[in-house]
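Visitor: Below: one structure in structure tokens.
2 protein chains.
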Amino acid sequence: MRISELSRRTAVPVGTIKFYVREGLLPPGTTTARNQAKYDTGHEERLRLIRIFVDIGGLTLSSIRAILAAIDDEHVPLNDLCRIVHRAMHGERLVADALHAAVGHLADARDTVDSYLESLGWVVAPDAPERDIIASVLAILRRLGWAGDETVLGPYAQAADELAAFEMASVTARASRAETAVALVTRTVLLEVALVGLRRLAEEHHLSVHFRGSAPPNG
Amino acid sequence: MRISELSRRTAVPVGTIKFYVREGLLPPGTTTARNQAKYDTGHEERLRLIRIFVDIGGLTLSSIRAILAAIDDEHVPLNDLCRIVHRAMHGERLVADALHAAVGHLADARDTVDSYLESLGWVVAPDAPERDIIASVLAILRRLGWAGDETVLGPYAQAADELAAFEMASVTARASRAETAVALVTRTVLLEVALVGLRRLAEEHHLSVHFRGSAPPNG
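Those protein sequences? They're chains A and B, same order as listed.
Each residue of the first sequence is one higher than the last, beginning at 239 in the working numbering.
Each residue of the second sequence is one higher than the last, beginning at 239 in the working numbering.
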């Protein structure tokens, strides 16, 4: 198909498609005539994937480039692939700022998190930034005078464990590594967004029910 | 206490504290002498809250101002307060971009989401942006040729419902509206971050276990 058709199918402007090609995110089309190139469904799929990363994942171009390279590289194990995506999704900002916010209580909280993850038997990298992120949350809770130990984390860890098991079952049935890689990365990004959205709605629902009568929920 | 002491206790630079006062986020201290003001633990608590919004919530100053005003306004019901926080947390960007990404499939997906929430009996505002966010996720899944119906959402909605009930129990025991409001807002922001972090770690754990042998998990 021509670039105009590719643009129509994916709702991505022609200029943006050309930009992604120049940036090396999308392979160039096959040249068919002077100033004309043909694109196939492979381009279409890759383009949709890029848009998911940009629109839903909020990822930068350099992060997307790294993720696409990892998807394409047969030697990257799939568990590393997922880790690359997680690191790219807002992780850096959260860690640096959260560390700053919680200075002083962080070391203790980090010990709590590490022991807790070990007690769960989770196999996760010792340098996973999520360890510090979760420790920051505990440190801030402690500083506010609330319980900030593993009992706070329990229900969240259990929910996360069950959801990850569910996702794994739906992803690992794919035929090829390439298909599994794309399914894995896409679901990691999309279902995180869905989970956060549903959690917010569930909170609003429970609050509405709990404080019913104090004021109309939608008023 | 003096501003230097307030700065030391909260690890927020003096210049930043003055900036928050000028921006109306933090009430000014009580003037005790020319060029000197006294701050109390109320300032300290408010400052910590502002830092949580900035560092963990990623909120803009105008969003923070709106949330603080709602916390202080006795007439704002607590379920509205939570909604104000949710709308402020990255909501706008996600909706606009996600809508763009999923043009064409969104109306159907939105119907699916609305019917599903109704079937759950959740009391949530008809214009909650999370409805569109979740619909975008479904629309994108459909476009990729995967199942994008309420069965995908089921496990996430159930987890969200259980976690919200758990949070509600730990928050609503507070004595005053002011305490409840602060506890509610803080937990909404912090525990969302904790949940996302734990979900990522759980995914990495399940992937490591599933693909064990294909490569060393931390190599």
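Glycine included, every Cβ here is placed at the ideal spot set by N, Cα and C.
Could you give the first and the last residue of the continuous beta strand (DSSP E) run that contains B:Ala271?
Guide: As a working mapping, residue 271 of chain B is identified with position 33 in the second sequence. Thr268 to Ala271 is the span of the beta strand (DSSP E), which, as asked, contains B:Ala271.
Visitor: If you measure between the beta carbons of B:Ile309 and B:Ala419, is that distance less than 7 Å?
Guide: Against the second sequence, residue 309 of chain B aligns to sequence position 71. Against the second sequence, residue 419 of chain B aligns to sequence position 181. Yes, these two residues count as a Cβ contact at 7 Å.
Visitor: Can you list the residues of chain A that B:Glu405 reaches, using a CB-CB cut of under 8 Å?
Guide: Within the second sequence, numbered from 1, the residue matching residue 405 of chain B stands at position 167. Those within 8 Å of B:Glu405 in chain A are Glu441 and His444.
Visitor: What residues in the region 251 to 281 of chain A bring their beta carbon closer than 9 Å to a beta carbon of chain B?
Guide: none
Visitor: May I have the straight-line CA-CA distance separating B:Ser374 from B:Leu344, to the nearest angstrom?
Guide: Position 136 of the second sequence holds residue 374 of chain B. Position 106 of the second sequence holds residue 344 of chain B. Spanning the two alpha carbons is a distance of roughly 6 Å.
Visitor: 7 Å is my cut-off, CB to CB: does A:Arg183 come that close to chain B?
Guide: Because residue 183 of chain A is not part of the residues shown, which for chain A are 239 to 457, the question remains open.
Visitor: A:Arg381: which of B:Asp370, B:Asp349, B:Met406 and B:Ile290 sits nearest, CA to CA?
Guide: The residue labelled residue 381 of chain A in the question sits at position 143 within the first sequence. If we check each option's Cα against that of A:Arg381, B:Ile290 comes out closest.
Visitor: Which residues of the region 423 to 435 of chain A have a Cβ closer than 8 Å to any Cβ of chain B? Give them in chain order.
Guide: Thr424, Thr426, Leu428, Leu429, Glu430, Val431, Ala432, Leu433, Val434 and Gly435
Visitor: Using a Cβ-Cβ cut-off of 7 Å (strictly less than) and excluding sequence neighbours within five positions of B:Pro455, which residues of its own chain qualify?
Guide: Walking along the second sequence from the start, residue 455 of chain B turns up at place 217. Note on B:Pro455: pLDDT 40, under 50, position unreliable in the model; the coordinate value appears next. So the qualifying residues of the chain are Ser446.
Visitor: According to DSSP, which residues form a beta bridge with B:Gln274?
Guide: What you label residue 274 of chain B is simply residue 36 of the second sequence in a count that begins at 1. According to DSSP, which records beta bridges pairwise, B:Gln274 is partnered with B:Ala271.
Visitor: For a cutoff of 7 Å on Cβ pairs, would you count A:Arg284 as touching chain D?
Guide: Reference to chain D is not applicable here, since the protein chains of this structure are A and B.
Visitor: Quick one: what's got a C-beta closer than 8 Å to A:Arg247's C-beta in the same chain, skipping five residues either side?
Guide: Residue 247 of chain A sits at position 9 when you count from the first residue of the first sequence. Within the same chain, A:Arg247 has close Cβ partners Met239 and Glu282.
Visitor: Using 10 angstroms around the beta-carbon of A:Ala402, count the other beta-carbons present and answer buried if the total reaches 16, otherwise exposed.
Guide: Here residue 402 of chain A refers to the residue found at position 164 of the first sequence. Buried.
Visitor: Taking the straight line between their C-alpha atoms, what separation do you get for B:Ala363 and A:Leu433?
Guide: If you number the second sequence from 1, residue 363 of chain B lands on position 125. If you number the first sequence from 1, residue 433 of chain A lands on position 195. Looking at the two C-alpha atoms, the distance is approximately 18 Å.
Visitor: Who are the Cβ neighbours of B:Arg369 in its own chain at under 6 Å, not counting the five residues just before and after it?
Guide: Locating residue 369 of chain B in the second sequence gives position 131, where the first residue counts as 1. The beta carbon of B:Arg369 lies closer than 6 Å to those of Val351 in the same chain, with the five residues before and after it left out.
Visitor: For a test of the three-state rule: what should DSSP assign to A:Phe449, helix, strand or coil?
Guide: Position 211 of the first sequence holds residue 449 of chain A. DSSP places A:Phe449 in coil when its eight states are reduced to three.
Visitor: Would B:Lys276 and B:Gly267 qualify as a contact pair, given that the criterion is a beta-carbon distance under 7 Å?
Guide: Counting from one through the second sequence, the residue named residue 276 of chain B turns up at place 38. Counting from one through the second sequence, the residue named residue 267 of chain B turns up at place 29. Result yes, Cβ atoms of B:Lys276 and B:Gly267 sit closer than 7 Å.
Visitor: What residues of chain A sit near B:Arg321, judged by a beta carbon separation below 7 Å?
Guide: Counted from its first residue, the second sequence places residue 321 of chain B at position 83. Those within 7 Å of B:Arg321 in chain A are Glu442.
Visitor: Could you check whether the Cβ of B:Phe449 sits closer than 7 Å to any Cβ belonging to chain A?
Guide: If you number the second sequence from 1, residue 449 of chain B lands on position 211. Yes, contact with chain A.
Visitor: For A:Leu299, return the contacting residues in chain B, with the cut-off set at a CB-CB distance below 7 Å.
Guide: Indexing the first sequence from 1 puts residue 299 of chain A at position 61. Correct list: empty, because the minimum Cβ distance to chain B is about 15 Å.
Visitor: Within 10 angstroms of its Cβ, does A:Glu430 collect 16 or more other Cβ (buried), or is it exposed?
Guide: The count along the first sequence starts at 1 and reaches residue 430 of chain A at position 192. It is buried - the Cβ of A:Glu430 has at least 16 other Cβ atoms within 10 Å.
Visitor: What does a CB cutoff of less than 7 Å around A:Tyr354 pick up in its chain, not counting 5 residues either side in sequence?
Guide: For this step, residue 354 of chain A is matched to residue 116 along the first sequence. Within the same chain, A:Tyr354 has close Cβ partners Glu388 and Leu391.
Visitor: Check this for me: beta carbons of A:Arg437 and B:Ala398, under 7 Å apart or not?
Guide: Here residue 437 of chain A refers to the residue found at position 199 when the first sequence is read from its first residue. Here residue 398 of chain B refers to the residue found at position 160 when the second sequence is read from its first residue. Going by C-beta atoms, A:Arg437 is nearer than 7 Å to B:Ala398.
Visitor: Pop quiz: A:Val259 and A:Leu285 are said to be a contact at Cβ under 8 Å. What is the actual Cβ separation, rounded to whole angstroms?
Guide: Numbered from its first residue, the first sequence carries residue 259 of chain A at position 21. Numbered from its first residue, the first sequence carries residue 285 of chain A at position 47. So it is not a contact: roughly 10 Å between Cβ atoms.
Visitor: Determine the chain B residues that contact A:Glu312 at a beta-carbon separation under 8 Å, and present them in chain order.
Guide: Position 74 of the first sequence, counted from the start, is the residue given in the question as residue 312 of chain A. Near A:Glu312 there are no residues of chain B at all, since even the closest Cβ is about 11 Å away, more than 8 Å.
Visitor: Could you name each continuous alpha helix (DSSP H) segment of 4 residues or more that falls completely within the region 249 to 321 of chain A, going from the start of the chain to the end?
Guide: The qualifying runs are 252 to 260, 279 to 293 and 299 to 310.
Visitor: Is DSSP giving B:Pro367 helix, strand or coil here?
Guide: Working through the second sequence from its first residue, we reach residue 367 of chain B at position 129. Correct three-state label for B:Pro367: helix.
Visitor: Look at the alpha carbon of B:Glu442 and the alpha carbon of A:Arg321, and state the distance between them as a whole number of angstroms.
Guide: Working through the second sequence from its first residue, we reach residue 442 of chain B at position 204. Working through the first sequence from its first residue, we reach residue 321 of chain A at position 83. B:Glu442 and A:Arg321: Cα-Cα distance of roughly 7 Å.
Visitor: Under 7 Å between C-beta atoms, does B:Val409 make it to chain A?
Guide: For this step, residue 409 of chain B is matched to residue 171 along the second sequence. Cβ-Cβ to chain A under 7 Å: no for B:Val409.
Visitor: Residues of chain A with a CB under 8 Å from the CB of B:Glu400: which are they?
Guide: Here residue 400 of chain B corresponds to residue number 162 of the second sequence, with the count starting at 1. Correct list: Pro393 and Ala397.
Visitor: Would you kindly work out how many angstroms separate the C-alpha atoms of B:Leu316 and A:Phe449, rounded to a whole number?
Guide: Counting from 1 along the second sequence, the entry for residue 316 of chain B is found at position 78. Counting from 1 along the first sequence, the entry for residue 449 of chain A is found at position 211. Computed Cα separation, rounded: 7 Å.
Visitor: Report the rounded CA-to-CA distance for B:Asn273 versus B:Asp318, giving the unit in angstroms.
Guide: For the purposes of this step, residue 273 of chain B is identified with residue 35 of the second sequence, where counting begins at 1. For the purposes of this step, residue 318 of chain B is identified with residue 80 of the second sequence, where counting begins at 1. Looking at the two C-alpha atoms, the distance is approximately 40 Å.
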